[in-house]
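Quick note on numbering: the working numbering labels position 106 of the sequence shown as 162, and the sequence is numbered without any gaps.
For each residue, glycine too, the CB sits at the ideal point set by N, CA and C.
Please read all numbers here as calculations on a predicted model, not as lab measurements.
Encoded as structure tokens, the structure appears first; notes follow it.
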Amino acid sequence: MSEDPPSGSSDEHYAAVAARYEQSAFYDPASSYNRWLIPHVVAALGLEPASRFADLGGGTGAFTAALSEAAGLTTLPSVVEPSPLREQATARGLPGLDEDAATFAGSPGVADWDALLLKEVVHHLSLGAFPEICLGLARRLSAHGRLVTITRPVEPDYPLFSAAKIVWRMNQPPASRYVSALEAAGLEVEEQEHAFRFEIPREEWFTLVRNRFWSTFSAFSDEQLEAGIRELEERYKDPILSFEDRLVFLVAKHAGP
Ligand SMILES: C[S@@+](CC[C@H](N)C(=O)[O-])C[C@H]1O[C@@H](n2cnc3c(N)ncnc32)[C@H](O)[C@@H]1O
């Protein structure tokens, strides 16, 4: 497995998809998927009204804002986001930090956050740099604070064409690699899995793939995506695709005495 971040700039990918980012059910804060997910994330982060919360790689801030509203936060959460998606977060009125996770982790604060979230972000970080990032985030976490990493399995249930499955696997380290780095930073980690069943019209899924709604698909040219979609048309004849989104939550907190 490569210790390097995935090839290509993720900033470029997110700049390209910025205008339609929240159109998919995965990133539309009002979708039934996100209405199911939000309480799980609020609980994992242990959010209370007074929590000081930063969403690292928080994208457009839509999910951040929904968490804030669900938890009744009295201080606005910060969105730490290196790509142009950050402008949508600041347009929502959320404080935006133009930093990547490593820069944020390396900043001098101590115990200045109660809740830190890395949702669907760690696959963009270099595994080689992750232990140092964990050390910095552990330093910034308050005594009872939580750092929650949300990632996905190496072998997901999605209807992916063969080449996309390979790209997914290459870019998706197993959760155990993150657990060991979190533990080495002095945190204790609870691993949870939460699954949501999607029932989605075939054509809708193909449109998401064509729109490169995940960075996985930005590895492919338009022609390659069309070939991949033809492969999926052959494999899935049912007009409705049914699959599980399995999310792995790593809930880390300072180890007790
Ligand atoms: C799949 S999106 C998830 C966005 C948001 N967390 C959500 O769940 O809606 C991945 C996000 O990670 C951000 N990202 C990529 N590399 C990053 C890095 N090194 N540090 C922090 N964020 C990063 C991207 O710009 C993008 O906003």
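Does the beta-carbon of residue i, which I'm using as the reference point, lie nearer than 7 Å to any heavy atom of ligand 1?
i: G115; result: yes
i: H180; result: yes
i: E137; result: yes
i: K293; result: no
i: A75; result: no
i: Y89; result: no
i: L141; result: yes
i: A157; result: yes
i: E176; result: yes
What does a CB cutoff of less than 6 Å around residue i pick up in its chain, not counting 5 residues either side in sequence?
i: L303; result: I206 and H250
i: Y214; result: F299
i: A118; result: E78 and P85
i: H69; result: S271 and S274
i: F252; result: Y89, W92 and D301
In chain order, what residues of the same chain lie with their CB nearer than 8 Å to the CB of residue i, ignoring the 5 residues before and after it?
i: D154; result: E137, P138 and R142
i: R202; result: A100, L101, G102, D170, A171, L172, V307, A308 and K309
i: T176; result: According to the sequence as given, residue 176 is Glu; it is not Thr. Cβ within range, chain order: G113, I206, T207 and R208.
i: G128; result: P105
i: V204; result: V97, A100, L101, A171, L172, L173, L174, K175, F305, L306, V307 and A308
i: V166; result: R195 and R196
i: A311; result: G242, L243 and E244
With a threshold of 16 other CB atoms inside 10 Å of the CB of residue i, please say whether the residue is buried or exposed.
i: I296; result: exposed
i: A110; result: buried
i: S80; result: buried
i: G192; result: buried
i: P164; result: exposed
i: D278; result: exposed
i: H180; result: buried
i: W261; result: buried
For residue i, which residues of its own chain have a beta-carbon under 7 Å away from its beta-carbon, when the five flanking residues on both sides are left out?
i: A126; result: I94, P95 and V98
i: G152; result: V135, E137, R142, A145 and T146
i: R233; result: L183
Quick check on DSSP: helix, strand or coil for residue i?
i: V204; result: strand
i: V210; result: coil
i: R148; result: coil
i: V97; result: helix
i: A72; result: helix
i: L141; result: coil
i: A110; result: strand
i: V136; result: strand
Ignoring anything shorter than 4 residues, give me the alpha helix (DSSP H) runs that lie fully in the segment 212-285, in order along the chain. 218-227, 231-240 and 258-266
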